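Below you'll find the structure, written out as C-alpha cells, and then a few comments.
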Amino acid sequence: MKSTLLSRRDLDFLLFEWLHVQDLVQLPRFEDHSHETMSAVLDLSADLAERYFAPHNKKGDATEPTFDGTKVTVIDDVKEALGAAAAAGLIGMSLDHEHGGLQLPTTIAQASGAWLAAANVSTYGYLMLTNANANLLAKFGSQDQRDTWVGPMIAGRFSGTMALSETQAGSSLADVQTRAEPQDDGTYRLYGSKMWISGAEHELTENIVNLVLARTPGAPPGTKGISLFIVPKFLVTENGELGERNDVTISGLNHKMGQRGITNTVLNFGDGTYTPAGSAGAIGYLVGDAHRGLFYMFHMMNEARLGVGTGAVALGYTGFLKSVKYAREREQGRPIAAKDPSTPQVPIVEHADVKRMLLAQKAYVEGGLALELYCARLIDIEQGSESTGDRESARLLLDILTPVAKSWPSQWCLAANDLAIQVHGGYGYTREYDVEQHYRDNRLNPIHEGTVGIQSLDLLGRKVTQHGGASLTELGTAIATAVATATTSGDEAAALAVQLDAVWHRVLGVTASIAGFADRAVAMANSVAYLEVFGHMVVAWMWLEQFVATGEHQGDYYEGKRQAARYFFSYELPRTGPQLDLLETFDRVTVDMRSEWFC
Numbered sequence: 154m155k156s157t158l159l160s161r162r163d164l165d166f167l168l169f170e171w172l173h174v175q176d177l178v179q180l181p182r183f184e185d186h187s188h189e190t191m192s193a194v195l196d197l198s199a200d201l202a203e204r205y206f207a208p209h210n211k212k213g214d215a216t217e218p219t220f221d222g223t224k225v226t227v228i229d230d231v232k233e234a235l236g237a238a239a240a241a242g243l244i245g246m247s248l249d250h251e252h253g254g255l256q257l258p259t260t261i262a263q264a265s266g267a268w269l270a271a272a273n274v275s276t277y278g279y280l281m282l283t284n285a286n287a288n289l290l291a292k293f294g295s296q297d298q299r300d301t302w303v304g305p306m307i308a309g310r311f312s313g314t315m316a317l318s319e320t321q322a323g324s325s326l327a328d329v330q331t332r333a334e335p336q337d338d339g340t341y342r343l344y345g346s347k348m349w350i351s352g353a354e355h356e357l358t359e360n361i362v363n364l365v366l367a368r369t370p371g372a373p374p375g376t377k378g379i380s381l382f383i384v385p386k387f388l389v390t391e392n393g394e395l396g397e398r399n400d401v402t403i404s405g406l407n408h409k410m411g412q413r414g415i416t417n418t419v420l421n422f423g424d425g426t427y428t429p430a431g432s433a434g435a436i437g438y439l440v441g442d443a444h445r446g447l448f449y450m451f452h453m454m455n456e457a458r459l460g461v462g463t464g465a466v467a468l469g470y471t472g473f474l475k476s477v478k479y480a481r482e483r484e485q486g487r488p489i490a491a492k493d494p495s496t497p498q499v500p501i502v503e504h505a506d507v508k509r510m511l512l513a514q515k516a517y518v519e520g521g522l523a524l525e526l527y528c529a530r531l532i533d534i535e536q537g538s539e540s541t542g543d544r545e546s547a548r549l550l551l552d553i554l555t556p557v558a559k560s561w562p563s564q565w566c567l568a569a570n571d572l573a574i575q576v577h578g579g580y581g582y583t584r585e586y587d588v589e590q591h592y593r594d595n596r597l598n599p600i601h602e603g604t605v606g607i608q609s610l611d612l613l614g615r616k617v618t619q620h621g622g623a624s625l626t627e628l629g630t631a632i633a634t635a636v637a638t639a640t641t642s643g644d645e646a647a648a649l650a651v652q653l654d655a656v657w658h659r660v661l662g663v664t665a666s667i668a669g670f671a672d673r674a675v676a677m678a679n680s681v682a683y684l685e686v687f688g689h690m691v692v693a694w695m696w697l698e699q700f701v702a703t704g705e706h707q708g709d710y711y712e713g714k715r716q717a718a719r720y721f722f723s724y725e726l727p728r729t730g731p732q733l734d735l736l737e738t739f740d741r742v743t744v745d746m747r748s749e750w751f752c
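The sequence shown lines up with residues 154 to 752 when you count with the working numbering.
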C-alpha cells in the first residue's frame, strides 16, 4: 500500500533524476557513500516514520505536555521515537566523521527529515533543533565544547534548543535583555528570561543544551552587543558525567493550536531555584568571541528556517496524499452532463473542481519540496566542492533563497492543507480525520523562525541588494540557464520558459525601482507582496526544471508531474502580475493608515 506520508517515487525523481544527488559521491567529502547508501537512508527514514513517529501523532496532539510546577511530562511514545532515530544514526547524519556524523549529503538528510516531519512534526521538532544546535557547535565551538556537547547530542543522550526571543522583544533580537556576567573561572552567570522556546524542558533526554543569546556588561547596544552561550540544564563534569542542576527553570508551558507534542516554554535563567557552585545564576559558556553571537546563531537560524520550510512542505504533502486517497474513495454526485438521477454516483476525484483543488495541492507541495531539496544541495556544494567558484555560487544562491525556502512553503503548503480539508468536505474539519490537525500544525510555520513579514524585509531590504546584488545576479544566471535548457527541450517547455523569463525580467525592473526609491518606508511597505512574487517566480523555476527533467518519459507519474507544472504556470504564476502592478505604484495606503483609525 502506498504511503500517505510522502511519495517515495517523487523523492526518487527529485533526488536522483533531477538533482542527480548520486553524483555528489564524486566529491571527496561524500566519497564513502553511493546511490545505494542514500536510498537505504530513505528506506530507513520511511520505516521509522511509519513505525515510530506516525502512530503517536494524534495521541501527542490530544495529550500535550503537562507541567506540575516541578516536572514536565511528555508521552512515552516521543522518547521511543527519538531513541529509534538516534539508534539509526539519523541525528547529525550530515556532520563530519570527526564529530561522530555520517558525513551524508545534506540533501539526503533533508529528505529524511521530511519523512519524519510528515509523520509527526512535533516529535521531528526535537530532532531538528538538536541537529541545528550540534551543527552550530561543530562549526563555531571550541574543541572542548565539541567534545562535551556535540557527541552526546548525536548519540541522542542530549537534546538541543535555541533560546532567542524574549517577551518584550519578540523577533526584535536587538532588544534582548538577558545578561551574562563574567566569572573568574572563565564561565558566565546568566540572568533573564526567554519566551516561546521549543524543546527546552522535558525528560526525554539526559540533558538539554540551550544556546542562549545574551549581553555582557558594557556590550554595544543593538545586535552588535549580543553574545552566544551554551547553558545546559545539567552541568557536565570533566569526565563527561552529569553534574549539578543548572539554574535554568521554566515558569510555564505555552499551549498552542498545533504542534502540541513539542514543549514550548517560558525559560528563566538565574532566578535562584537552583544554585550551582553555591550561588544563583545559570552557568554558561561563551561560544566563540564576545559580541558575535548573532553571527553564530544565524548558522542555526538559517538551518532551522530550512527545517521549518521542510516541515511545512511535509505537512502539506501528507495532507495532499490523504485528500487524494479520500477523493478516490468517496462517491458523491454525478458527471455534470448526467441528467438521469439513477446514474451511479462517481468518486469525487472525477469532478473538475476537486481536480483543481488536488492539482493546486500537488503544485504547492511538489514545488515546495523541490525548493527545499535544491537548497539542501546548495549546502552540499558549498561544503564539498573543490571549486572555489562553485562554492561561492552556491553560497550566494543559498543566501537569497533561504527566506523564500522558509516562507513560501509556510504560506502555500498551509494553503494546501486548507484545500485538503475542503476536499474532505464536512469530514475535513472533524478531529476524526488527520487533515484538521495537519492544518493546525502547519499554521505555526508562517510564524516560526521569523514571520513572513520578517523574511520579506530580509529579502527585499538585504538579500537582493547586498554585495552589489551578487546573489540576485547569481539567481539570474541559474534561471537563465534553466530557460535556455527548456528552450531547446521542446515547444511546450519553451513556452513555459518564455513565461518565466518575462516575470523574471519584470521582477528585476521592479527591484531596481524599489532599490532606488528615496522614501524607504514606502519602498518597504509592501515587502510581503514582493516576497510572494519572488517566491512564486522561484517555484515556477523549480517547476520548469522538473518539467524538463521528465523528458520523454511516459506513465502516470510523469504525466502527473507535467500536468502540475502546467497548472502552476496557468493558475499560479499569473498571480504575480497584479502584485507587480501594486509594487510599481509605491502605494501608500498602509503607510498612511493611522492607528486611531482602527476603530
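Here a beta-carbon is modelled for each residue, glycine too, at the ideal position from N, C-alpha and C. These numbers were taken from a predicted model, which means no experiment stands behind them.
In DSSP terms, what residue i is bridged to
| i | result |
| --- | --- |
| Met315 | Leu364 |
| Phe220 | Val225 |
| Arg104 | As displayed, the chain neither begins before 154 nor continues past 752, which places residue 104 out of reach and without an answer. |
| Ile383 | Leu364, Tyr438 |
| Thr418 | Ile350, Leu406 |
| Pro500 | Glu484 |
| Val389 | Leu395 |
| Val401 | Phe422 |
Other residues of its chain near residue i: CB distance less than 6 Å, five sequence neighbours each side excluded
| i | result |
| --- | --- |
| Ala239 | Gly309 |
| Gly462 | Glu525, Ala558, Lys559, Pro562 |
| Ser427 | Before going further, note that residue 427 is Tyr rather than Ser in the sequence given. Hits under 6 Å: Arg398, Asp400. |
| Met281 | Gly460 |
| Val742 | none |
C-alpha gap between residue i and residue j, whole angstroms
| i | j | result |
| --- | --- | --- |
| Lys478 | Arg161 | 16 Å |
| Ser642 | Gln707 | 16 Å |
| Ser156 | Cys528 | 25 Å |
| Arg332 | Ser432 | 16 Å |
| Cys566 | Ala573 | 10 Å |
| Asn821 | Arg413 | Residue 821 falls outside the range modelled here, since the chain spans only 154 to 752, and no answer is possible. |
| Leu512 | Ala717 | 6 Å |
| Leu736 | Leu317 | 33 Å |
| Ile553 | Glu685 | 14 Å |
| Glu602 | Ile383 | 20 Å |
| Leu257 | Tyr449 | 23 Å |
| Asp328 | Gly405 | 23 Å |
| Ala668 | Ala199 | 46 Å |
| Ala491 | Asp571 | 30 Å |
| Leu235 | Val389 | 22 Å |
| Val691 | Arg728 | 13 Å |
| Leu447 | Leu248 | 22 Å |
| Val225 | Ala207 | 22 Å |
| Leu753 | Gln336 | Any answer about residue 753 is impossible in this case: the structure gives the chain only from 154 up to 752. |
Sequence-distant residues of its chain with Cβ nearer than 7 Å to residue i (five each side left out)
| i | result |
| --- | --- |
| Ile607 | Ser324 |
| Gly378 | Arg368, Ala372, His444 |
| Met677 | Leu610, Leu613, Gly614 |
| Lys409 | Asn417, Leu597 |
| Thr701 | In the sequence as presented, Thr is not what sits at residue 701; that position holds Val. Hits under 7 Å: Thr638, Ala639, Ser642, Ala646. |
| Arg659 | Leu733 |
| Gln485 | Gln498, Ile501 |
Beta-carbon gap between residue i and residue j smaller than 8 Å
| i | j | result |
| --- | --- | --- |
| Ala193 | Trp268 | no |
| Tyr205 | Ala237 | yes |
| Leu158 | Thr471 | yes |
| Asn273 | Ala465 | no |
| Leu177 | Asp533 | yes |
| Leu733 | Val663 | yes |
| Ala353 | Thr402 | no |
| Glu535 | Leu180 | no |
| Arg548 | Val174 | no |
| Ala285 | Ile307 | no |
| Phe473 | Ala569 | yes |
| Leu255 | Gly266 | no |
| Leu289 | Gln298 | no |
| Phe311 | His452 | no |
| Val231 | Leu357 | yes |
| Thr283 | Ile228 | no |
Interface flag, residue i vs chain C, CB-CB below 8 Å
| i | result |
| --- | --- |
| Phe722 | Here chain C cannot be found, since the structure has a single protein chain. |
Sequence-distant residues of the same chain with beta carbon closer than 8 Å to residue i, five excluded per side
| i | result |
| --- | --- |
| Gln330 | Glu319, Gln321, Ala322, Gly345, Arg368 |
| Glu233 | Tyr205 |
Check: residue i C-beta below 7 Å from any heavy atom of the ligand MG
| i | result |
| --- | --- |
| Ala193 | Among the components modelled here there is no ligand, and therefore nothing to report on the ligand MG. |
| Within the chosen definition, does the region 430–442 reach the region 322–340 through at least 3 CB pairs nearer than 8 Å? | yes
| query | Taking three-plus beta-carbon pairs below 8 Å as touching, is the region 493–505 in contact with the region 667–677? | reply | no
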